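Beneath this line is the structure, given in structure tokens, with notes to follow.
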Amino acid sequence: MEVGRTQMLISDLLELEEQSIIELDSMVGQPLDIRANDLLVARGKLLLLMKNLQYALPI
């Protein structure tokens, strides 16, 4: 699985919970591709939620 330019195993992805952190090399506002086995499965944009200073990736 690849999200932005961070790669992780699907088993690790499935273990993510609310408040989990994934380090990305992308900046806020940049588009991100989500790929599985090099196949594009979703596209989103990294957003900063000012209320809680959290990031979101709506897809």
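The numbers in the working numbering rise by one with no breaks, and the one at position 20 of the sequence shown is 13. Built from N, CA and C at the ideal position, the CB exists for glycine as well. Since this is a predicted model, take the numbers as computed values, not measurements.
Contact check for LEU39 and LEU9: beta-carbon distance about 16 Å, past the 8 Å limit, so the pair fails to qualify. Between the alpha carbons of ILE3 and ARG28 lies a gap of roughly 11 Å.
Between ILE15 and THR(-1) the beta-carbon gap is near 6 Å, inside 8 Å, which marks them as a contact.
Here DSSP, grouped into helix, strand and coil, assigns LEU7 to helix.
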